[in-house]
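One gets my numbering by counting positions in the sequence shown from 1 and adding 271 to each.
Ideal placement from N, C-alpha and C gives every residue a C-beta, glycine not left out.
Quantities reported herein were computed from a predicted structural model and do not represent experimental measurements.
Only one structure is covered here, and it is reproduced in the block below.
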Amino acid sequence: MVLQYRCIHFNKFLTKQKSYRAKKLIGFSDKQMYNVVADVKNYKQFLPFCKKSTILSSNDNVMLANLEIGFPPVIENYTSKVTLIDSKLVKAECHDGRLFKYLETTWRFAPGLKSNPTTCIIDFYVNFEFHSLLHSQLSIMFFDGVVTQMESAFIKEARRRYGMESIPSHPLSDVNNQ
Numbered sequence: 272m273v274l275q276y277r278c279i280h281f282n283k284f285l286t287k288q289k290s291y292r293a294k295k296l297i298g299f300s301d302k303q304m305y306n307v308v309a310d311v312k313n314y315k316q317f318l319p320f321c322k323k324s325t326i327l328s329s330n331d332n333v334m335l336a337n338l339e340i341g342f343p344p345v346i347e348n349y350t351s352k353v354t355l356i357d358s359k360l361v362k363a364e365c366h367d368g369r370l371f372k373y374l375e376t377t378w379r380f381a382p383g384l385k386s387n388p389t390t391c392i393i394d395f396y397v398n399f400e401f402h403s404l405l406h407s408q409l410s411i412m413f414f415d416g417v418v419t420q421m422e423s424a425f426i427k428e429a430r431r432r433y434g435m436e437s438i439p440s441h442p443l444s445d446v447n448n449q
């Protein structure tokens with residue numbers, strides 16, 4: 272029994288895949304939050320670890336964006352296909368990066384309280400797999416901090432653009448991290 276536990280625990284350190292999900296009721300409208308998250312070209316201005324953000328092409332509801340991320344000792348460029356559905360969804364997918372085998376980030380937005388139009392429900396999901404086991408093991412030390420800082424940066428940017436929240440944020444379900 273102890274040997275089996277050790278194998279399972281050890282396998283967690285061998286996996287290169289990570290994911291994070293958070294669902295919250297927040298004090299900004301779905302349109303306001305969508306506008307912040309869809310503003311990829313300005314990520315470098317407000318997202319921690321984002322050094323550059325460039326739109327390579329854009330048409331209808333899809334854009335290609337190049338991002339340079341850096342959290343020492345790793346600095347990496349990658350290109351994401353970003354799908355946009357106005358006030359509903361921002362989904363970024365990278366399947367050709369040197370750092371990531373794949374990286375998928377999804378933001379879903381829904382109206383919040385019927386009695387308060389400046390609220391919405393955000394569902395934030397990140398799923399990725401590193402090419403390198405070394406990068407994966409390094410991420411164990413900082414992954415939770417990076418994704419929560421990233422999520423907080425979008426809220427902070429919404430606050431800068433639109434003023435204070437109409438209500439405090441409320442988690443709506445358990446965070447499911449792997």
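Query	Result
Closest Cα partner of Thr350 within the set Ser358, Cys365, Asp357	Cys365
Among Glu400, Ser358, Gly368, the one whose alpha carbon lies nearest that of Ile392	Ser358
Burial state of Ile340, where buried means 16 or more other Cβ atoms lie within 10 Å	buried
Segment limits, beta strand (DSSP E) that includes Asn348	345-356
Rounded Cβ spacing between Ser444 and Lys294 (contact assumed at less than 8 Å)	5 Å
Secondary structure of Pro442, DSSP reduced to three states	strand
Three-state secondary structure (DSSP) of Gly416	helix
Asn387, enclosing alpha helix (DSSP H) - first and last residue	Segment: none, Asn387 is in no alpha helix (DSSP H) and carries neither H nor E.
Leu360 in three-state terms, based on DSSP	strand
Whether Lys457 touches Ser329 by CB criterion (8 Å)	In the structure displayed, the chain extends from 272 to 449; residue 457 sits before or after that span and is not available.
Contact under 8 Å by Cβ, Val353 with Val333	yes
Status (buried if at least 16 other CB within 10 Å, exposed otherwise) for Thr390	buried
Phe299 versus Ala363 - alpha carbon distance	22 Å
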